[in-house]
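2 protein chains.
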Amino acid sequence: MAGVLQTYLPFLAANWQLVLMALLAAAVLHLLLERCRTASIPVPAPPAAVAAAAAAATITTAATAATPWRDEVAPEDDDLTPPPDVLLPRVPFSMESISPEEMVRRSEQFYKQMNGRRSVRAFSRAPVPRQAVESAIRAAGTAPSGAHTEPWTFVLVESPEVKAAVRRIVEDEEEVNYRKRMGQKWVDDLAPLGTTWLKEYLTDAPFLILVFRHAYGVDEQGQRFTTYYNEISCNLACGVLLAALHQAGLATLTSTPLNCGPRLRQLLERPANEKLVLLLPVGRPADDCTVPDLTRRPLERIMVVL
Amino acid sequence: MAGVLQTYLPFLAANWQLVLMALLAAAVLHLLLERCRTASIPVPAPPAAVAAAAAAATITTAATAATPWRDEVAPEDDDLTPPPDVLLPRVPFSMESISPEEMVRRSEQFYKQMNGRRSVRAFSRAPVPRQAVESAIRAAGTAPSGAHTEPWTFVLVESPEVKAAVRRIVEDEEEVNYRKRMGQKWVDDLAPLGTTWLKEYLTDAPFLILVFRHAYGVDEQGQRFTTYYNEISCNLACGVLLAALHQAGLATLTSTPLNCGPRLRQLLERPANEKLVLLLPVGRPADDCTVPDLTRRPLERIMVVL
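Protein sequences, first through last, are from chains A and B.
Using the working numbering, you'd call the opening residue of the first sequence number 2 and step up by one each time.
Using the working numbering, you'd call the opening residue of the second sequence number 2 and step up by one each time.
Below, the structure written as C-alpha cells:
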C-alpha cells in the first residue's frame, strides 16, 4: 500500500499528514460555518415601528441564546415596555361586558361548533365564495405576533393552472417518498388500499391557501429586521385560520407537503425570507367524503386544574 | 520557537503534525456528535394507536433530517395512509351545507369579532365562570395534531396560592432581565415610565392557563412514543384557544415568561416530556385597561391571490 502510494502518488506519500490535516481542517470549518448559518440571520437596523420591541426582545435573544426566532414565547408586543423614545401611545380598551351565563353559552357553542371540524382529503369541486375565504384570512391576521411584526403571508391560489403546478410539485416529492423513502414492504402493504402518491384534492378544492412565515422582515428600504417569535406567531395565526374557515362552513386539510417548501416558494414567487408553513386546500367536502374514525381525548385527559 | 519546542516539548516538536491532526479529528467528532444529539429523541416502541402514523411519519424523519419534532408539517393524520394492519376504519363525513351568502356572512362576522381581540395586561379581579374557560380548552383540544397524538396539556390555575407562586417565579426571572440582561441605560429609560418587573396581572386575573406541549408521548406502560409535529400542533391548538376565549368575551395575554419553563413545570408537577409553550392570564379587562395603539396590516398587505 505504502509502496503503491510512493510509486504513483509520491507527493501524497511524502505529505499525507499535511494533506489529511488540511482535509480535517476543512471539515471543521465547514461544520462551524454551517452552524453559524443556521444560528443567526444578519439583522441590521430594524424600522422604527418594531425597533423598540426588537430592542426589548434582545433580552429574549440574550436569554434563549441560539435561535431568537425559534419560539419559546409569543407576546403580541414584548412583555417589557419598549423604551420611551419609540413608545406607542396607549388607548383605552374594553370588551363587550357579557353575563357569566352568556360567557358559558358562547364558549360551549364555539366548542360544539369546532368539535365538528375534521381534516378532509376529498373535496367537492363546487365553487365557494372567495369573499368567505378572504374574511377567514383577515381573521387569521388578527393573531398576536412577536413585537406585532405580523410575520405572515397568505397565498390564495384560485387559478387551475397554479393549482395544477402545486399538485405536480407535491406529487413529485410524494412519488420519491413511495419509491425511495418508504421501502418495498410498505408500498406493498399500501397497494391493496389503492393508496398512491396522487393528491387529487389539490386540484379538486376550489382554493388552496399556502401560509408563509417571515423568517425575517424586510422593510421598504430593503433593510432586514428580526421577526421575533415568527414561528409560534404564524402558527397561532394558522390556528385562528382553521377556526375561521370551519366557522364559515369550509373544510380544510392541515398539511404541508414534505420537502416542497423551496419549490413551492419559487413557483409562487415568494421572497427568500418567507418559509412555507402550511398548505390548506379549502372547499366543501366531497359527497362521498370519509375520515378516519378518531375520537378526541376528553377534557379530563387534556386539562389539569390547580 | 521551534528551538524552544525541541528543548521543552521534544515529543510535540517531533510529532506536532500528528498531535494537531488528533485535535482536529476530535473537533470534527465533537461537532458531528453534537448534531446527532440535537437530531434525535430516543423513541422505543410507540403504542399501536399511533404506530401506523408514526411509521408513516418516519418518512418525515428521513426526509426532513435534522429535528423530526421541529415542525415543517402538521397533518391531522399523516398524508400517507398507515399500513392496513393498524388502519382505522373510515366513517362518512359531511358538514352543514350552507349557502354561499351564509358562508360570507359567518366568515365576516367571525373576522369582525376576532378583530376586537387585543393582548391585555390589566385584568379585573372579577370572577369569571370556570365552565366558560373549560369549554375554551375543549375547543383548543379539537385542533389537528400530527398522527392525532394530541400532544398538549392545559394547566388551569385557579388557586390564589398557585397563582402567587407562578408570579414569584416569573418576576424572579424578570428581575434578572432588568438587573442583568438589559443594561443600566435601558433600565433608566424605563424608570420614568414606572415599568418594573412586577406582573400584577398574574395574580389579578381569575385564571391562568399554562399550555404544555408533549415533546414526546408516554403510554400507560411508560413507553415513550414520538409526537410528530408536536410544536406546530400545540401552537395551532393555542390559536384555537385564543379564538375560543375571545369568543367567550374573555381577555388574555399571549405570553411565555423567559427561562421560567422548567421552574413552572416543576411547580405544576408536569412530567419531563412536557414543555411550557404559553402562559395565558384569563379574565375580564380592568376598567382602566389600555393597549398600545397598534393597527393591523390590511388584507392586501397579508394576502396574495394567484
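Even glycine gets a Cβ: it sits at the ideal position worked out from N, Cα and C.
| Query | Result |
| --- | --- |
| If I follow the unbroken beta strand (DSSP E) through residue 91 of chain B, where does it start and stop? | 91-93 |
| Who are the neighbours of residue 236 of chain B on chain A, taking C-beta pairs under 7 Å? | 233, 236, 237 and 240 |
| Contact defined as beta carbons within less than 8 Å: I believe residue 159 of chain B pairs with residue 105 of chain A. What is the distance between those atoms, to the nearest angstrom? | Actually they do not touch by this definition, with Cβ atoms about 16 Å apart. |
| If we ignore side chains and look at the alpha-carbon of each, how far apart do residue 284 of chain B and residue 24 of chain B end up? | 59 Å |
| With a floor of 4 residues, list each alpha helix (DSSP H) that falls wholly inside the stretch 207-292 of chain A, ordered by position along the chain. | 231-248 and 262-268 |
| Could you work out which residues of chain B lie near residue 149 of chain A, taking near to mean beta carbons separated by less than 7 Å? | 295 |
| For residue 234 of chain A, collect the residues of the same chain with a Cβ closer than 6 Å to its Cβ; drop the 5 residues on either side in sequence, then sort them by chain order. | 75, 146, 147 and 152 |
| Tell me whether the stretch 280-294 of chain B and the stretch 128-146 of chain A touch, counting them as touching only if at least three CB pairs, one residue from each stretch, are closer than 8 Å. | no |
| Counting only beta-carbon separations shorter than 8 Å, does residue 219 of chain A have a partner in chain B? | no |
| Starting from the beta carbon of residue 19 of chain A, find every residue of chain D whose beta carbon is closer than 8 Å, and list them in chain order. | The structure shown contains no chain D; its protein chains are A and B. |
| Please check if any C-beta of chain B sits within less than 8 Å of the C-beta of residue 165 of chain A. | no |
| Give the interface partners of residue 118 of chain B over in chain A, defined as CB-CB distance under 7 Å, in chain order. | 143 |
| Apart from the five residues on each side of it in sequence, which residues of its chain come closer than 7 Å, Cβ to Cβ, to residue 170 of chain A? | 261, 264, 265 and 268 |
| For the alpha helix (DSSP H) containing residue 115 of chain A, name the first residue and the last one. | 101-115 |
| Is there at least one Cβ from chain B nearer than 8 Å to residue 267 of chain A's Cβ? | no |
| By the criterion of Cβ-Cβ separation under 8 Å, what are the contact partners of residue 250 of chain A in chain B? | 96, 97, 98, 99, 103, 104 and 107 |
| In chain order, which alpha helix (DSSP H) runs of at least 4 residues are fully inside the stretch 119-178 of chain A? | 131-141 and 161-177 |
| In whole angstroms, give me the CA-to-CA distance for residue 304 of chain A and residue 301 of chain B. | 39 Å |
| Hey, how far is the Cα of residue 255 of chain A from the Cα of residue 239 of chain A? | 9 Å |
| Would you list the residues sitting across from residue 20 of chain B in a DSSP beta bridge? | Paired residue(s): none; residue 20 of chain B is not in a bridge. |
| What span of residues does the alpha helix (DSSP H) with residue 300 of chain B cover, start to end? | 300-303 |
| Out of A/217, A/220, A/297 and A/281, which one is the CA nearest neighbour of residue 124 of chain A? | A/281 |
| Just the C-alpha distance for residue 177 of chain B and residue 96 of chain A, rounded to the nearest angstrom, thanks. | 34 Å |
| Can you pull the chain A residues whose beta carbon is under 7 Å from the beta carbon of residue 132 of chain B, in chain order? | 105 |
| So is residue 223 of chain B buried or exposed if we call it buried at 16+ other beta carbons inside 10 Å? | exposed |
| Nearest to residue 201 of chain A by CA position, among A/164, A/230 and A/109, is which residue? | A/164 |
| What does residue 91 of chain A reach in chain B if we use C-beta pairs closer than 7 Å? | 291, 292, 293 and 294 |
| Within the chosen definition, does the stretch 204-221 of chain A reach the stretch 271-278 of chain A through at least 3 CB pairs nearer than 8 Å? | yes |
| Taking only beta-carbon atoms, is residue 212 of chain A less than 8 Å away from chain B? | no |
| Assuming residue 208 of chain A contacts residue 119 of chain B under a Cβ cut-off of 8 Å, what Cβ separation, rounded to an integer in Å, is found between them? | Residue 208 of chain A to residue 119 of chain B, Cβ: 29 Å. No contact. |
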